[in-house]
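Heads up, the sequence shown is in the working numbering, so the first residue is -10 and it goes up one at a time.
All residues carry an ideal CB built from backbone N, CA and C; glycine is no exception.
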Amino acid sequence: MATIARLYDFETDSANNVPISSSKVDAEFDQIINLLSGASAFDTVLKGQIVIEDTDADTKIQVEESADEDKIRIDIEGVETAIFGDGANEAILELNNDGTGYGLYLHQDGVLAANKYALFITSTVAQTNAELVKFSLTNSSSNQRLFYISNDGTASSLRIDHNNSSSSAQVFYIYNAGTGNSIEDDSGAHLTAAGVWTDASEGELKTNFKEEKVLDKIRRIAVKKYQYKKFRKDGGKKEWRGEVFPEWHFSPVAEDFHRVFGLGDGKGISAKSLAGIALQGIKELLEKVEKIEQWIKKIEQVKEWKAK
């Protein structure tokens, strides 16, 4: 039977916990199975180290590089690519990649069952640190994306659920110390580092321009102060929990806005459309004011003529 691994057996002086001898054993498949299953064991294996390696010793699995290290190391082609720790003072799993390939690659071909994921991170222990991070990405390299999502499917590329209704923490938080935009859409719309949202609005993006009179339509639409309802997760209007968000707002409702102006879909109102209607309304009022001013000027001229 062919040798598939080489195991180093370090014997120790148990009183002083130091190695007193070592031997190298070429292990065959059945021997490794017996060792791992407990059917056989080293007589006095140093608690500091067990090594399984290939014939040229550049790929190996090493248990405890030093005494009581509590780590398992994996070397591939002479490079330490993975380290398993106890999670107390170091990572449970540390991956090191000096090459040009993937650092971590998950390939999910099967159809996942409900509430199953290719990668799942969870914690059920109450933490005293409110800012404790469950998942963190850091990058000190220039010209490299920190996080990238590519989706050829029909479901959402990114979904965030915040299910604690009593929490006042942010669902999504951005801090930008640079001068670039914090959010940028392919259309050109963006959120600046100063916190200013800018719509994409250049003429090259638009077509089918039409003039529209709005002043008479503005009279027909109700504008009221209101609060938003809180709904259950994935729920509809029938699942309103009877609670409201504390902020007050002032605008028409989307149904009326769509009916009167023919804009939107009856479900939401674009801030761009509100601003455009307000500007057009101001322009139409200015036209009326100019006509009134001209009429007043003529009346004053008549009065001056009569006074002579």
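Check	Outcome
CB of residue 81 within 8 Å of CB of residue 71, strictly	no
Every unbroken alpha helix (DSSP H) within the region 172 to 256, with a cutoff of 4 residues, ordered by chain	204 to 208 and 243 to 250
Where residue 268 falls: helix, strand or coil (DSSP)	helix
Three-state secondary structure assigned by DSSP to residue 289	helix
Cβ shell of residue 204 (< 6 Å), same chain only, five flanking positions each side left out	270 and 273
Beta-carbon proximity check, residue 95 vs residue 107, cutoff 8 Å	yes
Close Cβ partners of residue 177 (< 6 Å) along its chain, the five nearest in sequence each way excluded	189
Straight-line gap, residue 238 to residue 174 (C-alpha atoms, nearest Å)	27 Å
Simplified DSSP assignment, three categories, for residue 160	coil
Cα-Cα separation, residue 182 to residue 216	29 Å
Distance CB(residue 257)-CB(residue 267) smaller than 8 Å	no
Distance, residue 141 Cα to residue 236 Cα	38 Å
Option nearest residue 248 by Cα separation, candidates 55, 207, 76 and 276	207
Unbroken stretches of the beta strand (DSSP E), 3 residues or longer, contained in the region 55 to 139	61 to 65, 68 to 73 and 82 to 84
Contacting residues, own chain, Cβ-Cβ under 8 Å from residue 232 (five flanking each side not counted)	154, 218 and 219
Inter-residue Cα distance where the pair is residue 77 and residue 259	51 Å
Residue 50: first and last residue of the uninterrupted beta strand (DSSP E) it sits in	49 to 52
Close beta carbons around residue 84, own chain, < 7 Å, minus the five adjacent residues each side	70, 71, 92 and 93
Rounded straight-line distance, which links the Cα of residue 73 to that of residue 57	14 Å
Contact belief for residue 51 with residue 40 at Cβ below 8 Å, rounded distance in angstroms	5 Å
Three-state class that DSSP yields for residue 258 in the structure shown	coil
Cβ-based neighbour list, residue 229, same chain, cut-off 6 Å, excluding 5 preceding and 5 following	218 and 220
Residue from 241, 199 and 193 whose Cα sits closest to the Cα of residue 214	241
Per-residue burial, residue 198 [other beta carbons within 10 Å of its own, 16 or more giving buried]	exposed
C-alpha distance - residue 277 paired with residue 294, whole-angstrom precision	26 Å
Residue 158 to residue 179 span [Cα, whole Å]	24 Å
Beta-carbon proximity of residue 210 to residue 246, cut-off 8 Å	yes
Beta-carbon separation (whole angstroms), residue 163 vs residue 171, contact threshold 8 Å	5 Å
Nonlocal neighbours in the same chain, by C-beta distance under 6 Å from residue 124, ignoring five residues either side	110
Cβ neighbours of residue 187 in the same chain (closer than 8 Å, five flanking residues each side left out)	178, 179, 180 and 181
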